Structures are given as structure tokens and as C-alpha cells.
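Input: a single structure, listed below in C-alpha cells.
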Amino acid sequence: MIIYILCFVLFLVGLYGVVSKRNLIKIIIGIAIMEYSINLFLIMIGYIEGGTAPIITKGFENAKFVDPLPQAMILTSIVIGLATTALLLAVAIRLYQKYGTFDINKIKDLKG
Amino acid sequence: MKGMTIIVKKISQIICPVIFMFGLYIIVHGHLTPGGGFAGGVIMAGAFILQILANGNILPKLRKEEEGLEFLESSAILGFLILAGLGLLLSGGVVFFANFMEKGVLGNLISAGFIPLENIVVGAEVCAAIATIFIALVVYKDEVKK
Amino acid sequence: MNSLIPLFVIIPLGCAFLMAMLGRFIKNINKFITPIFMLFLVYLSLSFIFKSQGSLIYKVGGFEPVNGVPIAIYMVMDGLTKLILLVISLVGFLAIFYSLSYTKQYTAERKFYVLFSLMIAGMNGIVISGDIFNIFVFLEIAAISSYALVAFGVEKHQLEASFKYQVLGGIASLIILLTIALIYWNTGTLNIADISRQLTVNSQAGTNVFLKFISILLIAGFGLKAAIFPFHSWLPDAHSSAPSPISAMLSGVLIKAIGIYVIIRLFFNMFPLSYEISMTITVLGTISMIIGGLLAIGQWDIKRMLAYSSISQIGYIVLGLGIGMLVLVTGGNKAVAALSITGGLFHLLNHSIFKSLLFLSAGAVEYRTGTRDMRKMGGLSEVLPITSRTSLIGSLAISGIPPFNGFFSKLIIIIAAIQAQYYVLAFLAVLVSVITIAYFMKLQKYTFYNNDGSKWIEKKIKEVPFSMTFSMILLSILCLIMSLLIIPEVRTIFLQPAVDVLINSAYYTTKIIGI
Chain R
5 MIIYILCFVL FLVGLYGVVS KRNLIKIIIG IAIMEYSINL FLIMIGYIEG
55 GTAPIITKGF ENAKFVDPLP QAMILTSIVI GLATTALLLA VAIRLYQKYG
105 TFDINKIKDL KG
Chain G
5 MKGMTIIVKK ISQIICPVIF MFGLYIIVHG HLTPGGGFAG GVIMAGAFIL
55 QILANGNILP KLRKEEEGLE FLESSAILGF LILAGLGLLL SGGVVFFANF
105 MEKGVLGNLI SAGFIPLENI VVGAEVCAAI ATIFIALVVY KDEVKK
Chain L
3 MNSLIPLFVI IPLGCAFLMA MLGRFIKNIN KFITPIFMLF LVYLSLSFIF
53 KSQGSLIYKV GGFEPVNGVP IAIYMVMDGL TKLILLVISL VGFLAIFYSL
103 SYTKQYTAER KFYVLFSLMI AGMNGIVISG DIFNIFVFLE IAAISSYALV
153 AFGVEKHQLE ASFKYQVLGG IASLIILLTI ALIYWNTGTL NIADISRQLT
203 VNSQAGTNVF LKFISILLIA GFGLKAAIFP FHSWLPDAHS SAPSPISAML
253 SGVLIKAIGI YVIIRLFFNM FPLSYEISMT ITVLGTISMI IGGLLAIGQW
303 DIKRMLAYSS ISQIGYIVLG LGIGMLVLVT GGNKAVAALS ITGGLFHLLN
353 HSIFKSLLFL SAGAVEYRTG TRDMRKMGGL SEVLPITSRT SLIGSLAISG
403 IPPFNGFFSK LIIIIAAIQA QYYVLAFLAV LVSVITIAYF MKLQKYTFYN
453 NDGSKWIEKK IKEVPFSMTF SMILLSILCL IMSLLIIPEV RTIFLQPAVD
503 VLINSAYYTT KIIGI
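Protein chains in written order, with the numbering used here: chain R, 5 to 116; chain G, 5 to 150; chain L, 3 to 517.
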């Protein structure tokens with residue numbers, strides 16, 4: 005059980021980074037950490053004691069496999085994370101071009 | 005971004021084809037071993053990225069390359085959709101993503117119907133996409149410096 | 003009919019990449035393809051509404067259930083789905099027709115259409131998918147393309163708004179993914195119908211505390227996407243900075259398809275209804291209705307005011323649906339719950355029409371004057387006659403003046419609240435309606451009247467081009483036509499199937515699993 009809670013702690017570490025850091029790049033890193041913690045959580049859900057990779061090969065037709073569905077989900081979420089991170093970085097670079105800084109205290113023309 | 009020293013350039017020239025071939029291997033064996041389109045595509049893109057890092061960027065050339073990669077990317081996705089749509093057509097307009105080819109023998113390289121084909125298309129798409137993203141970021145960085 | 007369901011995703015996705023490929027070689031091809039396929043989607047969704055009955059199910063890949071456990075990816079087409087699909091394609095078509103002239107100011111014009119098609123594909127995918135993980139995937143497709151579209155002008159403010167939107171939207175997506183992981187951990191399935199069965203049949207799968215935890219996480223995740231209070235802070239920035247057709251899409255359709263739709267689908271059809279969660283949803287809806295209205299009054303930026311008003315109107319929708327939920331869970335009269343849900347869905351439909359109309363009108367004003375500040379406008383009704391009329395119609399509709407559609411949907415929600423004996427909520431709904439009139443009067447006065455238009459006549463400002471006026475006029479006619487939905491015969495075709503799906507929450511599960 006403790007291992008799942010550690011995953012959640014990692015999620016909170018990422019959230020802390022997003023909330024408290026003032027640098028655009030650090031915020032992006034925080035989001036990436038959150039994402040990885042969830043990927044880790046998903047892969048642990050799919051684990052079965054003593055299971056092998058879920059691929060049917062000759063001689064292993066009836067072996068004990070781990071759950072393949074979370075793995076497919078992680079692959080998808082990694083691809084999505086790649087797209088999100090790339091877009092965030094692109095916008096961050098453009099922001100740097102416009103404002104000359106990565107500090108979000110100085111980038112606040114809009115007031116939400 | 006300037007290129008690195010002659011040692012790095014030479015070694016990356018030797019290593020890049022190997023990395024590229026390894027990526028191809030992983031894509032082609034996607035239905036038999038762990039890995040597949042995405043993993044192999046990322047490795048292939050790694051070969052491109054290594055070249056750019058070692059040799060530095062020549063912006064006009066990179067822009068041209070980016071255009072070509074964009075074209076490859078969208079055509080690969082279209083290829084994926086067409087393969088899936090072919091299933092729809094060949095199954096009498098009922099099943100999208102129908103596996104319409106021979107399943108073959110388990111464990112052979114040519115087996116599992118159209119899954120290897122889909123893997124190849126996905127590999128091309130992922131490779132092109134990641135290389136495009138990298139090149140775009142490099143080009144941005146140069147624009148920002150000016 | 004069943005095999006046509008995936009077309010809602012295939013067509014926009016295919017067209018998007020076809021345009022990305024061909025757009026470089028053939029000039030302006032994107033401008034032809036996008037409106038045509040959007041028109042086709044309108045036709046397709048209308049034909050589904052009129053020709054098909056009940057729920058249709060499509061299994062991708064053709065995998066049949068094994069031992070009663072569904073293994074294929076399911077696509078479900080029921081009353082609610084058809085309604086939202088119609089809204090998406092209708093508003094999408096008009097917005098893209100409007101952008102034909104609007105996008106001339108951008109350098110990378112063709113990419114606009116590619117991203118727009120991707121957004122449509124994502125939203126259609128969310129609505130037709132019957133599987134919680136696919137909802138996440140399509141949600142990300144829609145969200146990522148909307149992030150890019152918000153930043154499309156690459157000006158300072160747009161980039162900043164987009165970054166804020168991306169960070170909050172990213173957190174929301176990750177919370178949603180965490181919830182999906184938790185649900186999979188406990189039930190071992192991703193199909194919405196199957197999860198629902200596991201939660202009701204298998205009592206140990208969902209202990210009460212666990213269900214509450216998941217529900218709260220889901221409300222946080224999708225509430226962030228739907229900009230319900232207290233998660234609304236990104237909306238005014240993102241929706242006011244985006245290009246106007248995109249603001250219309252974001253406010254009119256996107257927050258409903260990726261926020262409200264998923265919330266009502268999951269809480270009515272997947273989870274067993276619970277009093278606490280229904281109460282939470284209703285209270286959040288009420289608060290965002292009030293806060294959005296109050297904040298909108300003080301705005302001087304025309305699009306920002308509309309964005310705050312979106313928060314307020316989303317509150318109305320959530321309020322209507324929440325009252326329906328509360329009545330259902332406390333075992334009240336089912337007819338009252340049906341009335342309330344009808345009001346909520348009707349308002350959802352109406353809001354997408356008049357809010358997109360208002361955003362398009364605001365965009366037309368910005369397109370000609372180059373400013374969004376109401377203090378610098380005034381007297382525009384003389385130089386922009388059509389825009390000022392359509393904007394007036396939109397304002398009347400949103401503030402609930404008969405005979406426009408907004409009046410009827412607000413009336414239904416208020417009547418339902420009184421019949422369900424939530425007098426405070428009914429009073430607040432009336433109060434916010436008055437506030438709405440107040441700030442739209444301010445908008446009309448400062449933008450279109452107040453001064454004579456001599457300042458603008460000197461600058462030789464003309465009415466906006468045809469494609470922009472066409473969309474606005476069509477939307478303002480729709481504002482009138484939508485009030486016909488109050489007639490019971492029309493309502494049975496459009497709204498009643500959607501309400502039935504939500505009222506009989508077990509019906510969804512039994513239909514899909516087939517027991």
C-alpha cells in the first residue's frame with residue numbers, strides 16, 4: 005500500500021512545483037513530474053505477482069501475463085504528455101521572446 | 005547553435021546509422037517483441053536529433069527539412085486512417101479497424117495481419133513528429149536570440 | 003445507421019491531415035474543405051436525430067463481448083449525444099464560415115483550419131465515446147488544439163493567456179487521468195456501462211468513501227475544464243484573448259462538450275446518484291452563476307465581459323441539472339426532475355447559440371475598430387448596422403427577454419426550482435437574470451450607442467465582409483427559432499430523448515451491456 009501512497013506523494017510534489025515556483029520552465033517540469041507519477045501509478049496497478057510481458061510468443065502461449073491494458077494507457081498518456089510539454093515549451097520560448105524573462109511575476113499583463 | 009568538435013561529429017556520423025537501423029528493427033518487430041511504432045519512432049528521431057546536435061544548425065536547411073518532415077507526418081497519419089478505413093470497406097462497411105489481412109503463423113515476421121503495416125506508419129509519424137518538434141524549438145531559439 | 007457513427011471522428015481527423023498535407027501546395031484549399039465537411043457533419047447529425055431511435059452502439063474493431071464483459075472500444079449514440087453533436091457541428095460550421103474572412107489577418111492562415119478540424123474531431127470523439135479512457139484521449143486532442151488556437155495570434159496577451167490555460171488545463175487532465183486509474187484499479191474495466199454495473203452489482207468495488215473521493219476528483223478535473231467556480235480563473239483570459247471565432251467555439255461549445263457533457267454523463271449514468279455530490283454540484287453551479295454575473299458588471303473589455311458572462315450562464319446549466327439530480331436522489335417527483343433537466347439542456351443549447359453570436363459580434367467590432375475597450379467605442383451602430391442589430395438580439399436573448407430563446411430556458415429552470423421547493427435557488431436565478439440584463443445594457447450602450455458615430459465615419463469604417471455577417475445573421479435567426487423548442491411536439495424530437503437518457507440512469511447500462 006505504501007508504494008501507492010508514495011506515488012501520490014510524487015503527484016503532490018509536482019503540484020507543489022507548479023503552484024509555488026515562479027519560473028516558467030520549473031512550472032513545466034512540475035507538470036511533467038505529476039504526469040510521471042500517474043504513469044507510475046498506472047503501471048503498478050497492472051502488475052501481477054510473477055507475471056511476464058504480455059506478448060504471446062512460441063512456448064509462452066499460456067504464461068502468466070501482467071495486465072496489458074494499463075501499459076497501453078500509459079503509452080497513450082506518454083504521447084499526450086509529449087504533445088503537452090512540447091506546446092508548453094514552445095509557448096514559454098515565445099513568452100521569453102516577448103517579455104525577455106521567464107519570471108511569472110514580471111509576466112502579468114492579464115489579471116484573471 | 006554551433007557544431008561540436010571533429011571527434012563528436014565523426015563518432016555521431018558512425019553511430020547514427022546504427023541507431024536508425026535499431027529503430028527500424030524495433031518498428032518492424034513491433035508485433036513480436038516489446039516496443040513497436042512509438043518506441044521505434046522515438047529512437048529513429050533520436051538519430052536525427054543527434055546529427056543536429058553534433059553538426060550545429062544551418063537554419064535555411066533546417067527549415068526545408070522541417071517542411072519535409074511535416075509532410076511526412078501528415079501523410080503517415082493519413083496512411084493510418086486509410087488502412088483503418090480499408091478495413092471498413094473490406095468488411096462490408098461495418099467494422100472500422102478490421103484486420104482484413106491474413107493472420108499468418110504466430111511468431112513469424114510476416115504475421116498478425118495489418119498490424120505490422122500500422123506499426124510502420126505509426127513509426128514514421130512519431131519519428132517525423134518528434135524531429136519536427138525538436139527542429140521547431142531550435143529555430144525558435146535562434147529567432148529569440150535575434 | 004450504426005456503421006456511420008465513427009464518421010463523426012474520421013471525417014474531421016482525415017480532413018485535418020489532408021489539409022496539412024495539401025495546404026502547402028494548393029492555395030486556399032483549406033477554406034473550401036473545412037466548411038464543406040462541417041456542413042456534412044450538420045447533415046449527418048440531423049439525420050441521426052430524425053431517423054434513428056434509441057441508443058445505437060458501435061464496437062470499434064468488431065470485437066464482441068466475452069462472457070458479458072465488453073472488450074472493444076464502444077461508441078454510443080443516444081439522445082444526449084445526438085443533441086450535443088448537433089450543437090458542435092452547427093456552431094462549428096457558422097464559426098468556420100465566419101473565419102473565412104476573419105483569418106486573413108494571420109500569416110499562418112492554413113494552420114488555423116487544421117487546428118480547428120482537430121478540435122472538432124476531439125469534441126465529437128468525447129461525445130460519442132462510451133469508454134472513460136477514450137474520453138480522456140479525445141479530451142486531450144480537443145484541449146491541446148484549443149491551447150494552440152488561443153495562442154494563435156502570438157501576441158503578448160495571447161501567449162500569456164494560453165500558458166495559464168495550458169497549466170491549469172494540464173493539471174485538470176492529470177487529475178482526470180488519476181481518477182481513471184483509480185476507477186480501473188477498483189473495477190477492472192474502462193467501459194462506462196460496465197463500470198456502472200460493477201459499482202452497483204459488486205458492492206466491494208466501490209466503497210462509499212472511495213466513491214466520494216473519486217467523485218470529488220472528477221468534479222475538480224472536469225470542473226476545471228468547464229470553468230465552474232472555484233476553477234474559473236483561466237476562462238476570462240483564455241476566452242478573451244483567443245481569435246473571435248475561436249472564442250465563440252470555446253465559450254459556445256468546448257466548455258460544454260469537454261466539461262458539462264462529461265460531468266452529466268458520468269454522474270447520471272455511471273455513478274450511483276448520491277445526495278452529497280448532487281448538493282455539491284448544485285451549490286457550485288449557483289455560486290458560479292452569481293460570481294460570474296457580479297464580476298462581469300465591472301469589465302470594460304468587451305470580450306472579457308462576455309467571458310465572465312459565460313461562467314454565469316454555465317452556472318445556470320449546472321443549476322438546472324443539479325436540481326434535477328437532487329430531486330431524483332431525494333425520491334421526489336420524476337416529472338419535476340425531468341422538467342429541471344430539460345431546462346438545463348435547453349439552456350445549454352441556447353447558450354451555445356447566443357454566446358457564439360455575441361462573441362462573433364464582438365469579433366466583428368474588434369476586426370473593424372482594432373480595440374476591445376468599450377470606453378473607446380460608442381456610436382458604432384451607425385457604421386456597423388448589421389453587427390449592432392445581431393449583437394442586440396444576442397444580448398436580448400441572453401438576458402431572457404421574450405420571445406427569444408433565453409427567456410424560455412431560464413423560465414423552465416426557475417419553474418422547476420419552485421416546483422422542487424428550492425425557493426432560494428429560484429430567487430437567485432431571477433436575481434442573476436436581472437444582473438445579466440444590467441451588464442448587457444452596459445455593453446450595448448457603451449459599444450453601439452452613447453455617442454454619435456462621427457468619429458467612426460471619419461475613419462471610414464465599413465460593415466464587416468459577407469461571410470462574417472452571414473454567420474451572425476443566421477445565428478440571430480436561430481436565437482428566435484430555438485424558442486420553438488418550447489412547443490411539446492418539437493421538444494419530443496430534440497430534447498426529450500436526451501432527458502430520458504439522464505432520468506432513467508440504469509437504462510444506459512442495460513442497453514449497452516445488454517442484460
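All C-beta atoms, glycine included, are put in the ideal place defined by N, C-alpha and C.
Note that the structure is a prediction, hence the values are computed from the model and not measured.
| Query | Result |
| --- | --- |
| Short of 6 Å in beta carbon distance, which residues of its chain neighbour G/S16, apart from the five on each side in sequence? Order them along the chain. | L54, A58 |
| So who's on the other strand from L/Y60, going by DSSP bridges? | L/M77 |
| Kindly give me the distance between the Cβ atoms of L/L92 and L/V44, rounded to whole angstroms, as I take these residues to be in contact under 8 Å. | 6 Å |
| With distances taken Cα to Cα, identify the nearest neighbour of L/G381 among L/L323, L/A500, L/W458. | L/W458 |
| State the beta-bridge partners of R/V23 as determined by DSSP. | DSSP output for R/V23 lists no bridge partner at all. |
| In this structure, does DSSP put L/I517 in helix, strand or coil? | Residue confidence for L/I517 is low, a pLDDT of 48 falling below 50, so the modelled location carries little weight; the figure read from the coordinates is stated next. L/I517: coil per DSSP, three-state reduction. |
| Hey, quick one: how far does the alpha helix (DSSP H) through R/F106 stretch, first residue to last? | Looking at the DSSP string, R/F106 is not in any alpha helix (DSSP H), and its letter there is neither H nor E. |
| On the DSSP bridge assignment, give the partners of R/F69 in chain order. | R/T56 |
| Are L/H349 and L/K447 closer than 8 Å when you measure CB to CB? | no |
| Going by DSSP, what residue range makes up the alpha helix (DSSP H) through G/N103? | Neither: G/N103 is in no alpha helix (DSSP H) and is coded neither H nor E. |
| Would you tell me roughly how many angstroms separate the C-alpha atoms of L/A150 and L/A337, rounded to the nearest one? | 44 Å |
| Is there a Cβ of chain G sitting closer than 8 Å to that of L/P67, yes or no? | no |
| Under 9 Å Cβ-Cβ, which residues of chain G neighbour R/A94? | I137, A140, L141, Y144 |
| Taking the alpha-carbon of R/G18 as reference, which of R/K30, R/F69, R/I9, R/Y8 has the nearest alpha-carbon? | R/K30 |
| Evaluate L/T373 with the Cβ neighbour count: other Cβ atoms within 10 Å of its Cβ, from every protein chain shown; 16 or more gives buried, anything less gives exposed. | exposed |
| Counting C-beta neighbours from all protein chains within 10 Å, is the total for L/I517 16 or more, i.e. buried, or is it exposed? | Low confidence applies here, because L/I517 scores a pLDDT of 48, under 50, leaving its location unreliable; read the following figure in that light. L/I517 should be labelled exposed. |
| Compute the beta-carbon to beta-carbon distance between L/A228 and L/I185, rounded to the nearest angstrom, for a pair I have assumed lies under 8 Å. | In fact, because the Cβ distance is near 20 Å, the residues do not count as touching under 8 Å. |
| With 8 Å as the threshold, decide whether the Cβ of G/V109 is near any Cβ in chain L. | no |
| With 8 Å as the C-beta to C-beta threshold (strictly closer), list the residues of the stretch 77-107 of chain R near chain L in chain order. | M77, T80, S81, I84, A87, T88, L91, L92, V95, A96, R98, L99, K102, Y103 |
| Do you know how far the Cα of G/L73 is from the Cα of G/A133? | 7 Å |
| Does the beta-carbon of L/Q168 have 16 or more other beta-carbons within 10 angstroms, so that it is buried, or is it exposed? | buried |
| Are the C-beta of G/P120 and some C-beta of chain R separated by less than 8 Å? | no |
| Show which residues of chain G have a CB atom less than 8 Å away from the CB atom of R/A57. | P38 |
| For G/V148, go through chain R and note every residue whose CB falls closer than 9 Å to its CB, in chain order. | I97, R98, Y100, Q101 |
| Please say whether L/S47 and L/L88 have beta carbons closer to each other than 8 Å? | yes |
| Checking the sheet assignment: what are the DSSP bridge partners for L/S1? | Here chain L has residues from 3 to 517 only, and residue 1 of chain L is not among them. |
| With a threshold of 8 Å between beta-carbons, can L/L179 be considered close to chain R, or not? | yes |
| Can you give me the start and stop residues for the alpha helix (DSSP H) that L/Y369 sits inside? | 336-371 |
| Where do the N-terminal and C-terminal ends of the alpha helix (DSSP H) with G/Q17 fall, by residue? | 10-32 |
| Using C-beta distances below 7 Å, list every residue in its chain close to L/T288, excluding the 5 sequence neighbours before and after it, in chain order. | G317, L321, L427, L430 |
| Please classify L/F215 as buried or exposed, where buried requires at least 16 other C-beta atoms within 10 Å of its C-beta. | exposed |
| Compute the distance between the beta-carbons of L/I400 and L/F472, then report whether it is under 8 Å. | no |
| DSSP state of L/V68, grouped into three classes? | strand |
| Please look up how many angstroms separate the CB atoms of G/A102 and L/G16, rounded, as I've assumed it's under 8 Å. | Not a contact, Cβ separation roughly 17 Å. |
| With burial defined as no fewer than 16 other Cβ atoms inside 10 Å of the residue's Cβ, what is the status of L/K61: buried or exposed? | buried |
| Over what stretch of residues does the alpha helix (DSSP H) that includes L/K305 continue unbroken? | 304-331 |
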